[in-house]
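All remarks here apply to the structure that follows.
Numbering (this note's numbering), first residue to last: 453 to 743.
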């Protein structure tokens, strides 16, 4: 009889121990997994007493953290891309830009410069089609460079005799690199609208692209008045802080942040004084980016 009682006690104690060591932790893990399934990615499992369950908890925590990072990155990327497109519609397709281009086209027609008028109309059509109808948050770098050249050609016709746009962009497999949309054109617009705003003649904007192993670098520089050391340092700090007043600061910080989200912390924008005399904005893209 005593033996039977001891056996029953052993079974009961074993059951309690099994419940505490295995069943209760598994139930807790199941609840945590259900929370993740419902969208709470901040949930984490506590360390467990057994090595096996502790490994499961550790793997779960790593998975939840990675999933949260991926979703957070994609969410931020889409928000910034949407912001970039909104800024494009607000700042890049401004009435001022449209009116100037329209009157330039009108004058070319009145002067019977039919070839130039046809070219300007074609350039403007392609520009608007890319801005308005292109879907998604990313594009191929080749498409982005074509769009940037298209924009520069429109401005080149408007500022003919005042500003020369120079391209040092050799062909290469960089054209197939996936990048955030509206990457290069705003930098050229910044050079036209700020760097060379008051230039009456001999203005230069130079766009350079270099590909070295897994790094693609693009620079946009001008020979305008540029920025003093203090102003340049303030712009650098604003770039890293992600702030700035409406205008070029917002455009630059948006591009900088989207580049880092897509390619990582080793990529982004950097600023320095150009050898031409004005501002030089450099884009660095390392690797193939994250889908």
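The beta carbon of each residue, even a glycine, is placed where N, CA and C say it ideally should be.
All figures in this text were calculated on a predicted structure; none of them were measured in a lab.
Query: What are the partner residues of residue 615, as DSSP defines its beta bridges?; Result: 655
Query: Strictly by DSSP, which residues pair up with residue 663?; Result: 668
Query: Please confirm whether residue 616 and residue 655 have their CB atoms less than 8 Å apart.; Result: yes
Query: By Cβ distance, which residues of its chain are closer than 6 Å to residue 541, with the 5 residues on each side in sequence left out?; Result: Confidence is the limiting factor: at residue 541 the pLDDT is only 44, short of 50, which leaves the residue's position unreliable and the question unanswerable from this model.
Query: Decide if the segment 684 to 695 is in contact with the segment 646 to 664; the criterion is three or more beta carbon pairs, one per stretch, under 8 Å apart.; Result: no
Query: Ordered along the chain, which non-local residues of its own chain (more than five positions away) have a Cβ less than 6 Å from that of residue 614?; Result: 653 and 655
Query: Within a Cβ cutoff of 8 Å, which residues of the same chain sit near residue 592, ignoring the five residues on either side of it in sequence?; Result: 627, 628, 629, 630 and 631
Query: Going by C-alpha to C-alpha distance, which of 671, 729 and 574 sits closest to residue 621?; Result: 671
Query: Distance check for residue 562 and residue 723, CA to CA, integer angstroms please.; Result: 43 Å
Query: So is residue 721 buried or exposed if we call it buried at 16+ other beta carbons inside 10 Å?; Result: buried
Query: Quick check: residue 718 and residue 689, are their CB atoms within less than 8 Å of each other?; Result: no
Query: Cutting at 6 Å between CB atoms, please list the residues of its own chain near residue 624, excluding the five before and the five after it.; Result: 663
Query: Which partner residues of residue 723 appear in the DSSP bridge assignment?; Result: 733
Query: Below 8 Å on the Cβ atoms is my guess for residue 568 versus residue 575; work out the distance and round it to an integer in Å.; Result: Contact doesn't hold; Cβ gap of about 10 Å is too wide.
Query: Sort out for me which residues DSSP pairs residue 632 with in a bridge.; Result: 590
Query: Mapping the DSSP letters down to three states, classify residue 564 as helix, strand or coil.; Result: coil
Query: Can you name, in chain order, every residue of its own chain whose Cβ lies under 8 Å from the Cβ of residue 610, other than the five neighbours on each side?; Result: 552, 553 and 556
Query: Do you know whose CA, among 676, 707, 612 and 667, lies nearest residue 731's CA?; Result: 676
Query: Per DSSP, what kind of secondary structure is residue 689 in: helix, strand or coil?; Result: helix
Query: Per DSSP, what are the beta-bridge partners of residue 674 in this structure?; Result: 657
Query: Kindly give me the distance between the Cβ atoms of residue 633 and residue 734, rounded to whole angstroms, as I take these residues to be in contact under 8 Å.; Result: Incorrect: roughly 19 Å between the Cβ atoms, too far for contact.
Query: Report the partner residues of residue 740 according to the DSSP bridge assignment.; Result: Note: residue 740 sits in no beta bridge, so no partner.
Query: In the structure shown, what three-state DSSP assignment does residue 514 receive?; Result: helix
Query: Starting from residue 641, trace the alpha helix (DSSP H) in both directions and tell me its first and last residue.; Result: 637 to 642
Query: Do we get a CB-CB distance below 8 Å when we pair residue 615 with the residues of chain B?; Result: The structure shown contains no chain B; it is built from a single protein chain.
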